Structure formats: structure tokens, C-alpha cells
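In what follows, a structure is listed as C-alpha cells, so that the remarks can point back to it.
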Amino acid sequence: MAPSPWVFPGGRPGRPISTTQLTQRLGQLGIRPSQARSTALFQLPTVAVEDVRRTLEDAGWFTGWEVRL
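Numbering (the working numbering), first residue to last: 1103 to 1171.
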């Protein structure tokens, strides 16, 4: 059998696992995807703002522009 290009291969060759089936498998392991997704989305803005701030500071360093935050 050839290796699958999918991280989570489905039951049919060349197809990924369905959302429903993946959710069921994770549930069997005690992982609740909806809860994990909500947590990740809640934390994302904080990380994104910090990355943008750092990028602006770095841009000022190599372009000579002064960025005031």
C-alpha cells in the first residue's frame, strides 16, 4: 500500500477522513475539538498583536523608519 498524502487518511483510498469521523475518534481519546478550538481562537488575538508589534519594530530597524507604538 502506498503512503497517503493525507495526515488523517480516510476509509477510501486517496480521500481524507471526514470531519464527523475525526471528531468521533478524538472524542474516544477524551479530546473535545470544539473546546480546544474555542481556546485557540480566544488566545490568537494576543499572539497576533504581539507578532505585528514585533514586525513593526524590526521594520524600523532595517528601513530606518521610526515606529512609535
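Where is the CB? At the ideal position from N, CA and C, for every residue including glycine.
Please read all numbers here as calculations on a predicted model, not as lab measurements.
- Here residue 1135 carries a helix assignment [DSSP, helix/strand/coil].
- Between residue 1112 and residue 1119, the C-beta gap is smaller than 7 Å, which places the two residues in contact.
- Counting only residues of its own chain and dropping the five nearest sequence neighbours on each side, residue 1108 has a CB closer than 7 Å to the CB of 1118.
- Residues of the same chain with a CB within less than 7 Å of the CB of residue 1135, apart from the 5 flanking positions on each side, are 1125, 1128 in chain order.
- The DSSP-derived three-state label of residue 1118 is strand.
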